[in-house]
Each structure stands twice: as structure tokens, then as C-alpha cells.
Amino acid sequence: MPFGLTNAPATFCTLMNRLFHSYLDQFVVVYLDDIVVYSDNMEDHVEHLCKVFKILLDNELYVKREKCSFAQPIVRFLGHTISHGKIQMDSDKIAAINNWEAPTKVPELRSFLGLANYYRRFIFNYSAIAAPLTDLLKKDRAWNWSAACQATFERLKLAVTQEPVLALPDFSKLFEIHTDASDFAIAIKNARLHLRITTNVVTVPD
Numbered sequence: 001m002p003f004g005l006t007n008a009p010a011t012f013c014t015l016m017n018r019l020f021h022s023y024l025d026q027f028v029v030v031y032l033d034d035i036v037v038y039s040d041n042m043e044d045h046v047e048h049l050c051k052v053f054k055i056l057l058d059n060e061l062y063v064k065r066e067k068c069s070f071a072q073p074i075v076r077f078l079g080h081t082i083s084h085g086k087i088q089m090d091s092d093k094i095a096a097i098n099n100w101e102a103p104t105k106v107p108e109l110r111s112f113l114g115l116a117n118y119y120r121r122f123i124f125n126y127s128a129i130a131a132p133l134t135d136l137l138k139k140d141r142a143w144n145w146s147a148a149c150q151a152t153f154e155r156l157k158l159a160v161t162q163e164p165v166l167a168l169p170d171f172s173k174l175f176e177i178h179t180d181a182s183d184f185a186i187a188i189k190n191a192r193l194h195l196r197i198t199t200n201v202v203t204v205p206d
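Going by the UniProt record's numbering, 158 is the number at position 158 of the sequence shown; the sequence numbering is gapless.
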């Protein structure tokens, strides 16, 4: 497929989803030409890989050996680091946010919020925290980077750099439900209790 065509990414994405339709969300995740195969054990993993390779071979799609990794306990995928039952923000993205200079105009703020918003599920009460900044994006709103905006900017950076972890629920353990609401946001957090009085975030719908 030629590079640069307007519909090329969408067409290729449709093709990949159609080819792997039977295995999506069972043991395969596909994003364009990135394929992640996940399994509970090595025996299943080999079987799953064989099925994926057969589909690629049957449809004359090829992979480069040097771009492949197999039997990895930790995978970096779409800006996330994924391990057994856990997902967290990619360290490179965390560093990028941590080193971000305070915006001086709307396009710069929109760029920062675009990246921060991608990780909003890791930040409890994201909408409420980010409100002073998102207000600056409203139509006809004059640019005024106030002390409150700077404080919010630093608070979001801190929340991201604390590297929270999302985890699959373990129903054999106790949970805490945290809720919060305001005039412009509603949030709920399901946290799993640990013996060391720490919490592991499970879901953060905002």
C-alpha cells in the first residue's frame, strides 16, 4: 500500500481488523501494523502465535524478524507499559510531560492537554483538576495564564509523574469505592486494599 494516501491508514486498519476478527480481544490486539499477542502461559502463547502467523502467511503479509519480540513479560504499546495484570504510563511520555514548559498561548495549552487527556484514566478527578486550563480553550475566552492556571499545570504534571498503576481486579481481596462530584464533573475510583495501606487503582472513569 503506497504511503501518503489519505485513506491508507483507515483502509489498512480495516483490513487488519477483518483478518484477525475471530481473535480480537481473545488473545490479539491490533493497531495498524502493530500486533500484540497475549497469553496466560507459554504453551498457549506458542499456539496463539502460530494462528497469527498463519493468517499473515495466508494473506501474504510479512513481518521483519528484527522488529518482532516474543515471550515478553513487559510490553510497551501505544504509550503504555503493560505487564501481568497491570498497565501504566510509558516512562518516555512521563518524562515529556514532566519537562513540559508552561504554555504561553492556546495552541501550546491544547497540545499539553491533548497528551495529559490521553492519560486521564490514571488521574482521579482529572476533569475537576484540569478545569482552569480547559476553560482557557473556550471560544472567545481571553488568554490569561493566572496563578490558578500555573498551579493546575503543576498539579497535573505531578499527578502524571507519580506513575499510578491500573490493575485488573482481584475479587478475592477487599475494595474501596471513592466517589467525588462537583458542578462540572463526576468521578469514581475503585481501589484495591493492600496490607501496606497502599492502594492500586483499578478503574478511573471520569
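Ideal Cβ positions, reconstructed from N, Cα and C, are used throughout, including at glycine.
Outcome for residue i when other beta-carbon atoms lying within 10 angstroms are tallied against a minimum of 16
| i | result |
| --- | --- |
| P9 | exposed |
| V46 | exposed |
| R65 | exposed |
| I186 | exposed |
| E60 | exposed |
| N125 | buried |
| I82 | buried |
| T14 | exposed |
| F53 | exposed |
| L24 | exposed |
| L5 | exposed |
| V63 | exposed |
| residue 213 | Limits of the chain in this structure are 1 at one end and 206 at the other, which puts residue 213 out of reach. |
| residue 208 | As shown, the chain starts at 1 and ends at 206. That puts residue 208 outside it, with no answer to give. |
| F153 | buried |
C-alpha distance - residue i paired with residue j, whole-angstrom precision
| i | j | result |
| --- | --- | --- |
| V75 | T104 | 36 Å |
| K93 | P73 | 20 Å |
| K139 | Q88 | 34 Å |
| D29 | Y119 | Per the sequence presented here, residue 29 reads as Val, with Asp not at that position. For V29 and Y119, the distance between alpha carbons rounds to 19 Å. |
| D183 | A130 | 14 Å |
| I97 | D58 | 43 Å |
| Q26 | C68 | 20 Å |
| A167 | G85 | 6 Å |
| A147 | K157 | 15 Å |
| H21 | I55 | 11 Å |
| F12 | V36 | 16 Å |
| Y38 | L113 | 31 Å |
| S172 | H178 | 19 Å |
| L49 | L133 | 45 Å |
| residue 261 | R155 | The requested residue 261 does not occur in the structure, where the chain is confined to residues 1 to 206. |
| P34 | M16 | According to the sequence displayed, residue 34 carries Asp and not Pro. One C-alpha to the other measures close to 10 Å. |
| A95 | P169 | 28 Å |
| R121 | F77 | 16 Å |
Nearest residue (CA-CA) to residue i, options the options
| i | options | result |
| --- | --- | --- |
| S91 | A102, W100, G79 and F171 | G79 |
| A71 | Q26, E43 and I97 | E43 |
| R18 | V46, D183, V165 and L32 | L32 |
| Q150 | V30, E101 and R65 | E101 |
| N117 | A159, F77 and K51 | A159 |
| V165 | I123, A128 and M16 | I123 |
| N99 | D34, S172, T161 and M16 | T161 |
| D180 | T152, S127, T134 and P132 | S127 |
Would you call the stretch 102-115 in contact with the stretch 136-154, where contact means no fewer than 3 C-beta pairs closer than 8 Å? yes
Identify every run of the beta strand (DSSP E) within the stretch 48-123, keeping only runs that are complete inside it and at least 3 residues long; order them along the chain. 75-77, 80-83 and 86-89
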